[in-house]
Amino acid sequence: AQSVTQLGSHVSVSEGALVLLRCNYSSSVPPYLFWYVQYPNQGLQLLLKYTSAATLVKGINGFEAEFKKSETSFHLTKPSAHMSDAAEYFCAVNTAGGGNKLTFGTGTQLKVEL
Amino acid sequence: GAGVSQSPSNKVTEKGKDVELRCDPISGHTALYWYRQSLGQGLEFLIYFQGNSAPDKSGLPSDRFSAERTGGSVSTLTIQRTQQEDSAVYLCASSPGTERNSPLHFGNGTRLTVT
């Protein structure tokens, strides 16, 4: 079975500081991994995805993530936080076995302070 | 084009009543998913439709939950005899295909409150 673990349900950074949101996965097959962002009262929006091509994936809004098989990690980073980055972030792994079901982590709420 | 549309955006119901939640996917998307998002938890998969295939109902928490998709487009999630633990945000998503790298496009959700 596939699963993801997001360390830290709440992360707070100062504006301009590095953003690091952690995600570790467990998968019995080569994983497809995703990061989604959810702004208040909205649905989820795709930030980026890893699908076995380049291990460093660039997404929207300056975010990127690096797939590290040896560490079973797919951490999300952004060099300089902006106030508009405040949102909830979800890591997800594709569930093998037919269809395209995603298994989501419990989410990390990012707070950006002045 | 238009995104995934869900209605109503908010629903308050009394315990024991039935509710219907509607999802209108992106035109042309063959796959449709329902997820439930409870406070402090991640997204819980409920059910998945792909074309004319039998739906994957493996995530439905009880037989009070059911869903249908008419004409390969609009979907309705029905919860019978609602309980307080059913209170959550119900998210619908659609996808152009079932390939593992095919992204899901989410609606804004229906916030269900059972009193």
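Protein chains in written order, with the working numbering: chain E, 171 to 284; chain G, 71 to 185. Even for Gly, the Cβ is constructed at its ideal location relative to N, Cα and C.
Residue 212/E at chain G interface by Cβ criterion, 8 Å: yes
Proximal residues to residue 200/E (C-beta, below 8 Å), its chain only, five neighbours per side dropped: Correct list, in chain order: 222.
Helix, strand or coil at residue 239/E according to DSSP, with G and I counted as helix: Of the three classes helix, strand and coil, the one that applies to residue 239/E here is helix, per DSSP.
Residue 186/E classed as buried or exposed, judged by whether at least 16 other C-beta atoms fall within 10 angstroms: exposed
Euclidean distance between Cα positions of residue 123/G and residue 175/G: 20 Å
Residue 195/E at chain G interface by Cβ criterion, 8 Å: Between residue 195/E and chain G, the shortest Cβ-Cβ separation is not below 8 Å.
Cβ of residue 264/E within 8 Å of any chain G Cβ: Yes, residue 264/E lies at the interface with chain G (some Cβ there is under 8 Å from its Cβ).
Where residue 272/E meets chain G, residues with beta-carbon distance less than 9 Å: 103, 105, 113, 115, 163, 174
Residue 195/E versus 216/E, 184/E, 182/E, 236/E, residue with shortest Cα-Cα distance: If you compare the alpha carbons of 216/E, 184/E, 182/E, 236/E with that of residue 195/E, the shortest gap goes to 236/E.
Min CB distance residue 118/G to chain E below 8 Å: At least one chain E Cβ lies under 8 Å of residue 118/G.
Expected contact under 8 Å - CB spacing of residue 247/E and residue 234/E to nearest Å: Rounded to the nearest angstrom, the Cβ distance from residue 247/E to residue 234/E is 6 Å, consistent with a contact under 8 Å.
Proximal residues of chain G, C-beta to C-beta of residue 216/E below 7 Å: By Cβ distance, chain G contributes 173.
Residue-chain proximity (residue 229/E, chain G), Cβ-Cβ < 8 Å: With respect to chain G, the C-beta atom of residue 229/E has no partner C-beta closer than 8 Å.
Delimiting residues of the beta strand (DSSP E) encompassing residue 224/E: Element bounds for residue 224/E: n/a, residue is neither H nor E.
Cβ shell of residue 136/G (< 7 Å), same chain only, five flanking positions each side left out: 148
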